[in-house]
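Protein chains: 2
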Amino acid sequence: MPSLALANRQWIYSARPDGRVGSEHYTLQESSFSPDLAVNEVAIQAHYISVDPYMRIQQAQRHSFDAPHPLGIVQRGGAVGQVIASRSELFQVGDWVLSYSGWQLYAKCHAGELRKLDAAQAPVTTALGVLGMPGRTAWFGLMDAGKPKPGETVLVSGAAGAVGSLVVQFAKKAGCKVFGLAGGATKCDFLVTKLGLDGAIDYRAFTNANTLSDEIAARTGGVDIYFDNVGGMITDAVIPNIKLRARIIICGQISQYDGGLDKPDLGPRFLQHMLFQRATIQGVLARDYTARMDEMLAIVGPWVSTGEIVFEETVVEGFERLPEALNSLFEGKNLGKMLVKV
Amino acid sequence: MPSLALANRQWIYSARPDGRVGSEHYTLQESSFSPDLAVNEVAIQAHYISVDPYMRIQQAQRHSFDAPHPLGIVQRGGAVGQVIASRSELFQVGDWVLSYSGWQLYAKCHAGELRKLDAAQAPVTTALGVLGMPGRTAWFGLMDAGKPKPGETVLVSGAAGAVGSLVVQFAKKAGCKVFGLAGGATKCDFLVTKLGLDGAIDYRAFTNANTLSDEIAARTGGVDIYFDNVGGMITDAVIPNIKLRARIIICGQISQYDGGLDKPDLGPRFLQHMLFQRATIQGVLARDYTARMDEMLAIVGPWVSTGEIVFEETVVEGFERLPEALNSLFEGKNLGKMLVKV
Chain A
-16 MPSLALANRQ WIYSARPDGR VGSEHYTLQE SSFSPDLAVN EVAIQAHYIS
34 VDPYMRIQQA QRHSFDAPHP LGIVQRGGAV GQVIASRSEL FQVGDWVLSY
84 SGWQLYAKCH AGELRKLDAA QAPVTTALGV LGMPGRTAWF GLMDAGKPKP
134 GETVLVSGAA GAVGSLVVQF AKKAGCKVFG LAGGATKCDF LVTKLGLDGA
184 IDYRAFTNAN TLSDEIAART GGVDIYFDNV GGMITDAVIP NIKLRARIII
234 CGQISQYDGG LDKPDLGPRF LQHMLFQRAT IQGVLARDYT ARMDEMLAIV
284 GPWVSTGEIV FEETVVEGFE RLPEALNSLF EGKNLGKMLV KV
Chain B
-16 MPSLALANRQ WIYSARPDGR VGSEHYTLQE SSFSPDLAVN EVAIQAHYIS
34 VDPYMRIQQA QRHSFDAPHP LGIVQRGGAV GQVIASRSEL FQVGDWVLSY
84 SGWQLYAKCH AGELRKLDAA QAPVTTALGV LGMPGRTAWF GLMDAGKPKP
134 GETVLVSGAA GAVGSLVVQF AKKAGCKVFG LAGGATKCDF LVTKLGLDGA
184 IDYRAFTNAN TLSDEIAART GGVDIYFDNV GGMITDAVIP NIKLRARIII
234 CGQISQYDGG LDKPDLGPRF LQHMLFQRAT IQGVLARDYT ARMDEMLAIV
284 GPWVSTGEIV FEETVVEGFE RLPEALNSLF EGKNLGKMLV KV
């Protein structure tokens, strides 16, 4: 194979944020990429790179579900791209693949790290969304941890986000009455009009947990399953509204990612409600369900093909905008899954 | 049956506490008790009356697991006494029974509300402790909700209390490494010397959650099961020490019972730890396991007979001291189950 030198671009995670993450915590590095491959290696060119809230968790100083993301290396993350050279029999040049190659245009990966995508079956970007990590989290978080029963009331925070917008649809399919919490009228309109929810509550219209809590009570009549992506004041407002044997699923706490993981802020104590309602709280993480990915794809894949599931994407154009795109997640600027087209 | 008029004494719950409950929230009422019985009714004379932390939950203004305890009626609660008259074939004069007749010397009960006790098999007071509601809560809270595995590390708050002192012993029998949190050197010494725990931590020696948390980390090396009777600062200190797939059982939140149920105080947000460790929190309540009482008695009953389980009691003498005894629970003055002998 001829050795071609390609102009690579990489975003290096270079400074640990105290609060909101942004461009100042990254350095753009240009280098030469030579696809000289070892056996079983594959060279890929990224076309879509993912930005996800979990990235900010790994940037905190404290060990979370991982050791803190090291400084001075390429920002880790998922990407969808095409094979440009291969020393694996499993992959041919031109194949679409899902990789975990991070924020860079070109990367060498071991064949075992890649998942081949069938562009004819579903848009390749779905591998970063509904048919990828967010979809898996939504599916197993709701179905496995939440165990929804027909007629139950489900409330989802961050309901217009990558995971939330799937959870609400899965909950409707499970026969539940479904409400979403989201920021702003546009998202709330999307939830009701496009996703068919029974109601949406714009949390930004409420300045404190008590008035938001009253609104949740009035609108939902009590909550059997609360799927939480946000935490903070929103969760403070939901918890007094849980019903007997409610299940609370902690999938994310994005409101706390601007420094609250290292220096937790204060909120009202609430564990008495767990006692009163004999409720449960369970933290879920995508990786715990990796081994069951096929189970999700077998059910959700056909729904994607038939259009029964809406998978909204917010696509930002330009490799140079990756840090800005990540930052914007914490401003709630995405509808559905946010991707950067590079 | 001749109608005998007996001098009854009743503690009427007469004022809702804002903070700590005490004598000022009760009125002592004397009246005449006439054991004229309807069919299937039984008249009992109480000998031991229970004081339990849950009573304070029911006194809060807010609906908890029950509507608030009404004012102007006898304080509800468990009692052990003897039958003094019976119109039920199931009970004879002299029988020992467990009732839920509250804070009064004499009461009429429907036969269906009573449990007959065998004084030859175990001390009758155990029906209010290890072989009663606290025992059931401890057993099912730990075994059913906590699912302890040999070698796991269990930490119990309020470890010298009525429920806690049983949980720690059940956890030892389950093959766990067991640590207790309690207030003061006497209780800690009891936990290690008499109950055989692997360690005890006197939380009163710590003025804030951070230093207590460090001590818990150093002593336990991380916690698989946290059985919480206390909440507040103690729980704040435990949570950062939970291990992967930890189970947190909320059995009580006694630190919050001085008004915190009506007006929650603030504590550090912690739900991110549920996510990091994919941990669960579950609230448990004795009544959920009432139907499985026999299952517990079949296992724990023999341990009581053989002396394999220590069941400590703190017995206060005198009917007139019931409110004072209840109050003293919140000062942590009891070792094991607190009872009032009347």
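Going down the list, the sequences are from chains A and B.
When we follow our numbering, the leftmost residue of the first sequence carries the number -16, and every step to the right adds one.
When we follow our numbering, the leftmost residue of the second sequence carries the number -16, and every step to the right adds one.
Even for Gly, the Cβ is constructed at its ideal location relative to N, Cα and C.
Practice problem: Taking 8 Å as the cut-off, decide whether the C-beta atoms of residue 233/A and residue 260/A are in contact. | Solution: In the first sequence, counting from the first residue as 1, residue 233/A sits at position 250. In the first sequence, counting from the first residue as 1, residue 260/A sits at position 277. Between residue 233/A and residue 260/A, the CB-CB gap reaches or exceeds 8 Å.
Practice problem: Identify the contact partners of residue 279/B in chain A, using a Cβ-Cβ distance below 9 Å as the criterion. | Solution: If you number the second sequence from 1, residue 279/B lands on position 296. Residues of chain A whose Cβ lies closer than 9 Å to the Cβ of residue 279/B do not exist, since the nearest Cβ in that chain is about 18 Å away.
Quiz prompt | Under 7 Å (Cβ pairs) to chain B, residues found in the region 27 to 58 of chain A | solution = The residues in question are 47, 48.
Quiz item: How big is the Cα-Cα spacing for residue 317/B and residue 237/B?
Solution: Here residue 317/B refers to the residue found at position 334 when the second sequence is read from its first residue. Here residue 237/B refers to the residue found at position 254 when the second sequence is read from its first residue. Distance between the alpha carbons of residue 317/B and residue 237/B: 13 Å.
Quiz item: Considering only the beta carbon of each residue, do residue 149/B and residue 203/B sit closer than 8 Å?
Solution: Residue numbering aside, residue 149/B sits at position 166 when the second sequence is read from its first letter. Residue numbering aside, residue 203/B sits at position 220 when the second sequence is read from its first letter. For residue 149/B and residue 203/B, no; Cβs fall outside 8 Å.
Quiz item: Three or more C-beta pairs closer than 8 Å, one from the region 132 to 147 of chain A and one from the region -2 to 11 of chain B: is that the case here?
Solution: For the pair of segments examined, the region 132 to 147 of chain A was found not to touch the region -2 to 11 of chain B: the number of CB pairs separated by less than 8 Å stays below three.
Quiz item: Grouping DSSP H, G and I as helix and E and B as strand, with all else coil, what is residue 154/A?
Solution: Here residue 154/A refers to the residue found at position 171 when the first sequence is read from its first residue. Reduced to three states, the DSSP call for residue 154/A is helix.
Exercise. Give the straight-line distance between the Cα atoms of residue -16/A and residue 18/A, rounded to the nearest whole angstrom.
Key: Along the first sequence, one-based indexing puts residue -16/A at 1. Along the first sequence, one-based indexing puts residue 18/A at 35. Because the pLDDT at residue -16/A is just 48, under 50, the model does not fix this residue reliably, and the point stays unresolved.
Exercise. Inspect the beta-carbon positions of residue 196/B and residue 220/B and report whether they are closer than 8 Å.
Key: If you number the second sequence from 1, residue 196/B lands on position 213. If you number the second sequence from 1, residue 220/B lands on position 237. In this structure, the beta-carbon distance from residue 196/B to residue 220/B falls below 8 Å.
Exercise. Starting from the Cα of residue 242/B, find the closest Cα among 131/B, -5/B, 3/B, -8/B and give me that residue.
Key: Position 259 of the second sequence, counted from the first residue, corresponds to residue 242/B. Considering only alpha carbons, the answer is 3/B.
Practice problem: Compile a chain-ordered list of the residues in the region 139 to 159 of chain A whose CB is closer than 9 Å to at least one CB of chain B. | Solution: For the region 139 to 159 of chain A, which is checked against every Cβ of chain B, not one residue is closer than 9 Å.
Quiz item: Under a CB-based cut-off of 8 Å, is residue 97/A close to chain B?
Solution: The residue you call residue 97/A lines up with position 114 of the first sequence. At least 8 Å separates the CB of residue 97/A from every CB of chain B.
Self-check item: From 199/B, 200/B, 181/B, -6/B, residue whose alpha carbon lies closest to that of residue 154/B
Solution: Here residue 154/B corresponds to residue number 171 of the second sequence, with the count starting at 1. Nearest to residue 154/B by alpha-carbon distance, out of 199/B, 200/B, 181/B, -6/B, is 181/B.
Quiz item: Which same chain residues, not among the five before or five after residue 114/B, have their C-beta less than 7 Å away from its C-beta?
Solution: Against the second sequence, residue 114/B aligns to sequence position 131. Excluding residues within five positions, the ones whose Cβ falls inside 7 Å are 105, 280, 283, 284, 287.
Quiz item: Cβ of residue 90/B within 8 Å of Cβ of residue 184/B?
Solution: Translated into the one-based positions of the second sequence, residue 90/B becomes position 107. Translated into the one-based positions of the second sequence, residue 184/B becomes position 201. Against a cut-off of 8 Å, the Cβ pair of residue 184/B and residue 90/B comes out as no contact.
Practice problem: Check whether the Cβ of residue 313/A lies closer than 8 Å to any Cβ atom in chain B. | Solution: Working through the first sequence from its first residue, we reach residue 313/A at position 330. False, the Cβ-Cβ gap to chain B never drops below 8 Å.
Quiz item: Does any CB atom of chain A fall closer than 8 Å to the CB of residue 2/B?
Solution: Reading the second sequence from its first residue, position 19 is the one you call residue 2/B. Residue 2/B is outside the set of residues whose beta carbon lies under 8 Å from a beta carbon in chain A.
Quiz item: Candidates 81/A, 87/A, 128/A: which alpha carbon is nearest residue 109/A's?
Solution: Stepping through the first sequence from its first residue, residue 109/A is reached at position 126. Closest option to residue 109/A, Cα to Cα, is 81/A.
Quiz item: Contact check, residue 249/A vs residue 223/B under 8 Å by CB: the rounded distance?
Solution: Here residue 249/A is taken as the residue at index 266 of the first sequence, counted from 1. Here residue 223/B is taken as the residue at index 240 of the second sequence, counted from 1. Actually they are not in contact, since the Cβ atoms of residue 249/A and residue 223/B sit about 15 Å apart, beyond 8 Å.
Exercise. Give the range of the beta strand (DSSP E) segment to which residue 327/A is assigned.
Key: Because residue 327/A is not part of the residues shown, which for chain A are -16 to 325, the question remains open.
Quiz item: Per DSSP, residue -9/B is paired with what?
Solution: The residue you call residue -9/B lines up with position 8 of the second sequence. Partner(s): 14/B.
Quiz prompt | DSSP three-state assignment for residue 30/B, whether helix, strand or coil | solution = Translated into the one-based positions of the second sequence, residue 30/B becomes position 47. Here residue 30/B sits in strand by DSSP.
Self-check item: Local Cβ density within 10 Å of residue 39/B, reported as buried at 16 or more and exposed below that
Solution: Locating residue 39/B in the second sequence gives position 56, where the first residue counts as 1. Residue 39/B should be labelled buried.
Exercise. Could you name the residues of the region 248 to 261 of chain B whose beta carbon sits closer than 9 Å to any beta carbon of chain A, in the order they occur along the chain?
Key: So the close ones are 248, 249, 250, 251, 252, 253, 254, 255, 256, 257, 258, 259, 260, 261.
Exercise. Look up residue 275/A in the DSSP assignment and say whether it is helix, strand or coil.
Key: The residue you call residue 275/A lines up with position 292 of the first sequence. Of the three classes helix, strand and coil, the one that applies to residue 275/A here is helix, per DSSP.
Quiz item: Should residue 117/A go down as buried or exposed, given a rule of 16 or more other Cβ atoms within 10 Å for buried?
Solution: Against the first sequence, residue 117/A aligns to sequence position 134. Result: buried.
Quiz item: Distance, Cα to Cα, residue 292/A vs residue 235/B?
Solution: Start at 1 with the first residue of the first sequence, and residue 292/A comes out as number 309. Start at 1 with the first residue of the second sequence, and residue 235/B comes out as number 252. Straight through space, the alpha carbons of residue 235/B and residue 292/A are spaced by roughly 43 Å.
Quiz item: At least one CB of chain A closer than 8 Å to the CB of residue 65/B: is that the case?
Solution: Sequence index remark: in the second sequence, residue 65/B carries index 82 (1-based). At a cut-off of 8 Å between beta-carbon atoms, residue 65/B makes no contact with chain A.
Quiz item: Can you tell me where the beta strand (DSSP E) with residue 183/A in it begins and where it stops?
Solution: Locating residue 183/A in the first sequence gives position 200, counting from the first residue. Run containing residue 183/A: 182 to 185, per the beta strand (DSSP E) assignment.
Quiz item: Exposed or buried, which one is residue -12/A when buried takes at least 16 other CB atoms within 10 Å?
Solution: As a first step, residue -12/A is located in the first sequence; it is residue number 5 there, counting from the start. Exposed.
Quiz item: Based on Cα-Cα distance, which residue from 36/A, 218/A, 271/A lies nearest to residue 60/A?
Solution: Position 77 of the first sequence holds residue 60/A. With distances taken between CA atoms, residue 60/A lies nearest to 36/A out of 36/A, 218/A, 271/A.
Quiz item: By a C-beta neighbour count over all protein chains shown, 10 Å radius and 16 as the cutoff for buried, is residue 256/A buried or exposed?
Solution: Your numbering for residue 256/A matches position 273 in the first sequence. The residue is buried, with at least 16 neighbouring Cβ atoms inside 10 Å.
Self-check item: Proximal residues of chain B, C-beta to C-beta of residue 76/A below 8 Å
Solution: Working through the first sequence from its first residue, we reach residue 76/A at position 93. In chain B, no part has a C-beta under 8 Å from the C-beta of residue 76/A; the shortest such distance is about 39 Å.
Quiz item: Run through DSSP, which three-state label would residue -16/A get?
Solution: The residue you call residue -16/A lines up with position 1 of the first sequence. With a pLDDT of 48 at residue -16/A, under the threshold of 50, the modelled position of that residue is not reliable, and the figure given next carries that caveat. It is coil, neither helix nor strand.
Quiz prompt | Proximal chain B residues relative to residue 239/A, where beta-carbon distance stays under 9 Å | solution = Within the first sequence, residue 239/A is the residue found at index 256, counting from 1. Within chain B, the residues whose beta carbon sits less than 9 Å from that of residue 239/A are 252, 254, 255, listed in sequence order.
Exercise. For residue 214/A, go through chain B and note every residue whose CB falls closer than 8 Å to its CB, in chain order.
Key: Locating residue 214/A in the first sequence gives position 231, where the first residue counts as 1. Correct list: 252, 254, 255.
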